[in-house]
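Asker:
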Amino acid sequence: MQRLRAAIEGKTIATVSTLHAALKRQLPAASARRLRQQRVERVERRGKHQLIHLKNGSILHAHFRMNGDWLMAAAGDPVHRFTRAVIAMTDGTRVELNDSRALSALTFHAPGTNPLPKLGIEANDESFDATQLRGSLKSRRIAIKPALMDQGVVAGIGNIYAAEALWRAQINPRAVASSVSKARLEKLVPAIKAVIGDENRPPGRYTDSDGRGRFEVYDREGKACSRCNGKIARIAQAGRSTYYCPKCQRS
DNA sequence: CGTATCCTGACC
DNA sequence: GGTCAGGATACG
2 MQRLRAAIEG
12 KTIATVSTLH
22 AALKRQLPAA
32 SARRLRQQRV
42 ERVERRGKHQ
52 LIHLKNGSIL
62 HAHFRMNGDW
72 LMAAAGDPVH
82 RFTRAVIAMT
92 DGTRVELNDS
102 RALSALTFHA
112 PGTNPLPKLG
122 IEANDESFDA
132 TQLRGSLKSR
142 RIAIKPALMD
152 QGVVAGIGNI
162 YAAEALWRAQ
172 INPRAVASSV
182 SKARLEKLVP
192 AIKAVIGDEN
202 RPPGRYTDSD
212 GRGRFEVYDR
222 EGKACSRCNG
232 KIARIAQAGR
242 STYYCPKCQR
252 S
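Numbered according to my numbering, the first sequence terminates at residue 252, and the numbering increases by one at each position without gaps.
#1: Who are the near neighbours of valine 218 in its chain, counting only those whose CB is closer than 7 Å to its CB and skipping five residues on each side?
#2: What whole-angstrom Cβ distance do leucine 104 and arginine 66 have, given they're in contact under 8 Å?
#3: Helix, strand or coil: how does DSSP classify isoleucine 193 here?
#4: Measure the beta-carbon distance from leucine 107 to leucine 24 and round it to whole angstroms, keeping in mind my assumption that it falls under 8 Å.
#5: State the DSSP-derived secondary structure class of glutamate 187, mapped to helix, strand or coil.
#6: My output table needs one value for arginine 35: the three-state DSSP class, helix, strand or coil.
#7: With respect to the beta strand (DSSP E) encompassing tyrosine 245, which residues constitute its N-terminal and C-terminal limits?
#8: CA-CA distance, asparagine 57 and methionine 2?
#9: Return the residue from the list Lys224, Arg6, Lys49, Gly223 that minimises the CA-CA distance to glutamate 123.
#10: Measure the C-alpha to C-alpha separation of cysteine 249 and asparagine 230 and round it to an integer number of angstroms.
#11: Would you say threonine 13 and methionine 73 are within 9 Å of each other, going by their C-beta atoms?
#12: Secondary structure at proline 99, three-state DSSP: helix, strand or coil?
#13: Given a cut-off of 9 Å, decide if valine 96 and leucine 20 are closer than it, judged by their beta-carbon atoms.
#14: Could you check where the beta strand (DSSP E) with threonine 16 kicks off and where it finishes?
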């Protein structure tokens, strides 16, 4: 996001091209054409969504889903193997939407239209605290983990961060969302802020260059919990894997 | 609530 | 050659 902002804010789009059928479907040539010669006024993040606001009020919306990332290149550089779309600026800067699985979203929105679904509060919002979270969870009788992944509760929490935050706050992922105590939520809020704000965790990278996992519970089934030495378990919730420590994450 | 769909690299 | 993972969406 910061890199994208630095690369294109204040500059003018020359062309936007899609290189993969799935992306072409989302951003047809006619829409891509409407982006030409538009100045990028600002780049905004809302949860996992990235909004590129253009001079005439139209918006280019991007969402990486799981694997996507921006690659910065210059005119003339070879296009990366997994680049699915390219934003070329008039000064020669090139930004590539790199996504091996091509599940990313890239869509055009005419001036005045809202590109976003209903989103909950941002984790870094000042007013995001235990009271606020309790309010959003009050009526939710689903498990806390899928509730956290609901973008309408807190924007930007995915499968991995939900599990990591619950581990930090020592909350059982199966606990009913509406019944999690205020005291636990008081721990959960800073845990979410810490996990989401961890700049050392680039998107789409689950392991360090040396191959060591960088998460406390995610993808660590059967391994020892770093806090209590319990054995990390894996369960399925809402069709997703949930990893947690049954010994120190009790409801 | 659950399940299928999209898509493809990585792993068996 | 088969299975899985992941986020969002659509649907039973």
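The beta-carbon is built from N, C-alpha and C at its ideal position, and this holds for glycine as well.
Answerer: On the basis of the data shown:
#1: Translated into the one-based positions of the first sequence, residue 218 becomes position 217. For valine 218, where only same-chain residues beyond five positions count, the Cβ hits under 7 Å are Ala164, Glu165, Trp168, Ile233, Tyr244, Tyr245, Cys246.
#2: Within the first sequence, residue 104 is the residue found at index 103, counting from 1. Within the first sequence, residue 66 is the residue found at index 65, counting from 1. Contact holds; Cβ gap of about 4 Å.
#3: The count along the first sequence starts at 1 and reaches residue 193 at position 192. Helix, per DSSP.
#4: On the first sequence, position 106 is the one that residue 107 refers to. On the first sequence, position 23 is the one that residue 24 refers to. At roughly 6 Å, the Cβ-Cβ gap stays under 8 Å, so leucine 107 and leucine 24 are in contact.
#5: Translated into positions along the first sequence, residue 187 becomes position 186. DSSP places glutamate 187 in helix when its eight states are reduced to three.
#6: Position 34 of the first sequence holds residue 35. Residue state, collapsed to three classes: coil.
#7: To locate residue 245, count along the first sequence from 1; it is residue 244. Here the beta strand (DSSP E) through tyrosine 245 covers 241 to 245.
#8: As a position in the first sequence, residue 57 is number 56, starting the count at 1. As a position in the first sequence, residue 2 is number 1, starting the count at 1. So the two alpha carbons sit approximately 22 Å from each other.
#9: Against the first sequence, residue 123 aligns to sequence position 122. Nearest of Lys224, Arg6, Lys49, Gly223 to glutamate 123, Cα basis: Lys49.
#10: Here residue 249 refers to the residue found at position 248 when the first sequence is read from its first residue. Here residue 230 refers to the residue found at position 229 when the first sequence is read from its first residue. Approximately 9 Å between the Cα atoms of the pair.
#11: Looking up residue 13 in the first sequence gives position 12. Looking up residue 73 in the first sequence gives position 72. In this structure, methionine 73 does not lie closer than 9 Å to threonine 13 by Cβ.
#12: Here residue 99 corresponds to residue number 98 of the first sequence, with the count starting at 1. Residue 99 is actually asparagine in this sequence, not proline. Asparagine 99 falls in the strand class under three-state DSSP.
#13: Here the question's residue 20 lines up with position 19 in the first sequence. Here the question's residue 96 lines up with position 95 in the first sequence. Result no, Cβ atoms of leucine 20 and valine 96 do not sit closer than 9 Å.
#14: Here residue 16 refers to the residue found at position 15 when the first sequence is read from its first residue. Segment 14 to 19, the beta strand (DSSP E) holding threonine 16.
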